[in-house]
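Residues in the sequence shown are numbered consecutively from 77, following my numbering.
As structure tokens, the structure follows; a few thoughts come after it.
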Amino acid sequence: MEIVTRLHSRNLIAWAKDKPEVVVLSGDLSNSCEVDSFRDAYPDRFFSMGLTEQNMMAFAGGLAREGYTPFIHTFAVFLYRRALDSIEMSNTYPNLRVRLCGFLPGVTTPGGATHQAIDDIGVLRVLPNMTILETGDATDVESVLDVAQAINGPVYIRMVRGELPRLFAEPMQFGKARVLSVGDDLTILSTGICTEEALRVVQVMKAQGVSIQHLHISTLKPFNDPVVLESLTQARHGIITLENHTILGGLGTCVAEMMAEHGIGRKLTRLGIPDTYIHGASKRYLMHKYGIDGLALAQAIERALGQSLSVTAEALAAVQLETFHSASLSALA
């Protein structure tokens, strides 16, 4: 599996070359959010706003009113906690073309509760006019800019950085899940960094005869993909969601709402960060401690099936992943 480093840094420069309306705002985190190279390449299209997130949202709204498309870059936790009122009054209420790129979501930072955006989706998805996208691999990071740019309104992008695996061959599509596996025992829906964990589990489970539908979700709002709805109706033993977010307000909540609205009578298991703040540690440690890694998913599958399959962390780590081609459920059925 290909591993790509600091992809957003290079990709943004190439993508924005013929888009003079695209400008970048940084909350004094240019290197940490991989826009230092953009600053050097296009100094007239870069604004260092300092640690004034509220002002940055208002400034971005003004730029959008004048025909620019501002891409705000800062840590996700600073973006939505410190500046929520400004996001609403300067971006979502006037429905402006502002793109909010939030880095270090959930357990991807060891910085503790002050730096961990564990409830950002839940907070921002209730805002009218807001679209929410989440990246999970290198291909997502490359293609999310095109997806966001095509949306006529504010967009929150849950961005990953640093060393990224390339899990998917095809680019992200707005409002459409990637179908990675088809089966009728269970349906698994994963998003962000958790999809790599789920891919390993699905391969191990299939070797033991478990039939699993696995979908990667990149659009959290709106949440109305008919492929997702179809996958929920086909799972004989239940549905499991896996996300790098609290179980309140994120992917699990989106799925629960869809199931309730359509009368889907299946058991739903939501794997995510429990209703608590988390402490600082490595990503791998935190994923295990808070039950959002592959082993936690394997155990949830065993509970749903009512049988022990003796899946170990070593077996999951030994799985060799390749780049996946996604397809619709009907094409794979």
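All C-beta atoms, glycine included, are put in the ideal place defined by N, C-alpha and C.
Only a predicted model underlies this, so the values are computations on that prediction, with no experimental measurement involved.
State the CB to CB distance for the pair threonine 209 and serine 294, rounded to an integer number of angstroms; the pair is presumed to be in contact (CB under 8 Å). Here the sequence assigns leucine to residue 209, which means threonine is not the residue at that position. 6 Å between Cβ atoms; contact.
Can you tell me where the beta strand (DSSP E) with valine 202 in it begins and where it stops? Careful: valine 202 lies outside any beta strand (DSSP E) and carries neither H nor E.
Mapping DSSP to helix, strand and coil, what is leucine 305? helix
Got a sec, what are the start and stop residues for the beta strand (DSSP E) glutamate 239 sits in? 239 to 241
Residue burial classification, glycine 370 (beta-carbon count within 10 angstroms, cutoff 16): buried
Is valine 280 helix, strand or coil when you go by DSSP? helix
Examine the Cβ distances between the stretch 227 to 241 and the stretch 185 to 192 and report whether three or more of them are shorter than 8 Å. no
Endpoints, the alpha helix (DSSP H) within which phenylalanine 151 is located: Element bounds for phenylalanine 151: not the alpha helix (DSSP H) but the beta strand (DSSP E), 145 to 151.
Could you tell me which residues DSSP pairs with methionine 346 in its beta bridges? According to the sequence provided, residue 346 is arginine. The question's methionine does not apply to it. According to DSSP, arginine 346 bridges with Thr317.
By the three-class DSSP mapping on this structure, what secondary structure does tyrosine 232 have? strand
Span of the beta strand (DSSP E) holding arginine 173? Segment: none, arginine 173 is in no beta strand (DSSP E) and carries neither H nor E.
Quick check: what's the CA-CA separation for glycine 229 versus tyrosine 366? 34 Å
Looking at the structure shown, is leucine 299 part of a helix, part of a strand, or coil, going by DSSP? Here residue 299 turns out to be phenylalanine, not leucine, going by the sequence shown. DSSP places phenylalanine 299 in coil when its eight states are reduced to three.
From Thr81, Glu97, Val174, Lys95, pick the residue whose C-alpha is nearest to that of cysteine 410; which is it? As displayed, the chain neither begins before 77 nor continues past 409, which places residue 410 out of reach and without an answer.
Going by CA-CA distance only, name the one from Ala336, Arg157, Arg141 that's closest to isoleucine 194. Arg157
Simplified DSSP state of serine 124, which is helix, strand or coil: strand
Judging by CA-CA distance, which residue of Leu296, Met281, Gly178, Pro298 is the nearest neighbour of histidine 290? Met281
Could you give the distance in angstroms between the alpha-carbon of isoleucine 354 and the alpha-carbon of glutamate 319? 15 Å
Short Cβ contact (8 Å threshold) for leucine 180 with phenylalanine 147: no
If we count the other Cβ atoms within 10 Å of its Cβ and call it buried at 16 or more, is threonine 271 buried or exposed? buried
Please list, in chain order, all residues of the same chain as aspartate 104 whose beta carbon is under 6 Å from its beta carbon, the five residues on each side excluded. Gly126, Leu127
If you compare alpha carbons, which of Pro298, His401, Ser266 is closest to glycine 346? As written in the sequence, residue 346 is arginine, which differs from the glycine given in the question. The option with the nearest alpha carbon to arginine 346 is Ser266.
Apart from the five residues just before and just after valine 99, which ones in its own chain have a Cβ nearer than 8 Å to its Cβ? Arg121, Phe122, Phe123, Leu139, Tyr144, Thr145, Pro146, Phe147
Considering only the beta carbon of each residue, do glycine 326 and isoleucine 197 sit closer than 8 Å? yes
Option nearest threonine 211 by Cα separation, candidates Ala380, Gly178, Arg201: Gly178
Serine 113 - containing alpha helix (DSSP H), residue span: 112 to 117
Quick check on alanine 407: does DSSP put it in helix, strand or coil? Its pLDDT being 42, under 50, alanine 407 is placed unreliably in this model, and the coordinates cannot settle the point.
Just to confirm, is the Cβ distance from serine 63 to isoleucine 89 under 8 Å? One cannot answer for residue 63 here, as it falls past the ends of the chain, which runs 77 to 409.
Please list, in chain order, all residues of the same chain as isoleucine 316 whose beta carbon is under 6 Å from its beta carbon, the five residues on each side excluded. Ile264, Thr345, Ala376
Do serine 102 and alanine 134 have their C-beta atoms closer together than 8 Å? no
Within the stretch 323 to 406, ranges of the beta strand (DSSP E) (whole runs, at least 3 residues): 344 to 349
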